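Scroll down for the structure; my scribbles are underneath it.
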Amino acid sequence: TIDLLQEAAGQKGTKELYEKLKNAGIEITAKQQRILFEEEVKMTEDYTKTLCKKYYNVDFDKLHPLTQDTLVDMCYRGDFKPKDTKTGLKEVAEKNDVNRLFPVVANRSVWHNVPYERFKQRASYYIINIPEQQRKQVLENMAKEDPNVKETLQNLKKDRDASISNLVKNVD
C-alpha cells in the first residue's frame, strides 16, 4: 500500500494508478482529506498566478480577494481559459475591477458549457460576499446593461432559498 502511495505522489491523470489505489482498499481520514484538499488548492492557486502573469499581465496577489477566489475556483474546476477573450475576465483582472466581476461570472451565455449548479454557486458566492452598498451598485449597473439580470437574480435567489430550506430540514 505504501508503495502505491509513493508511486502516486505528485502525479496527475494516471488512470491505471488510480484504479490500483481504488482496488487496494485504501481509506483516508477526514483530516487527511482536508490536508490533501488544501495542498491541491495551494497548487491550483500557484498555477492560477502563473496564468494571470502570463496571459493577463497582472499581479495575482494585488487582485481583489473575490477576483482571486473566482479565478482559482475556475482554474480548479477547469473553467478558466485565459486565452478566451470572450469571457471578460481579462478586463476584470487587468483593471482589478471587482464591480465588473459579477456581470462576467453571472453571464450564462458566456459560461454555457459550465454545469448550471457550478455556475449558480459561483455567482451566488460573489453576491453573498460583497458589501451591501457595493452589491446595490453592481446590480444597478447590471440592470442597465442586461435586461435579463432580474430574471437571473430571481433564479439564483430561488435556488439559494431552496438550498437553505433543505439545509434547515436536515438540521431539524
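Start counting the sequence shown at 86; every next residue gets the next number (our numbering). Cβ coordinates follow ideal geometry from the N, Cα and C atoms, glycine included. Computed from a predicted structure; not experimentally measured.
Where phenylalanine 204 is concerned, the enclosing alpha helix (DSSP H) starts and stops at 201 to 213. Arginine 193 sits in coil when the DSSP states are folded into three classes, being neither helix nor strand.
The beta strand (DSSP E) runs lying completely inside the segment 122 to 171 and spanning 3 residues or more number zero. Membership of alanine 178 in the alpha helix (DSSP H) is indicated by the continuous run 174 to 180. Considering only Val183, Ala208, Leu121 and Glu217, the residue with the shortest C-alpha distance to histidine 149 is Val183. For glutamate 236, the three-state secondary structure derived from DSSP is helix. For glycine 163 and threonine 133, the gap between their C-alpha atoms comes out near 11 angstroms.
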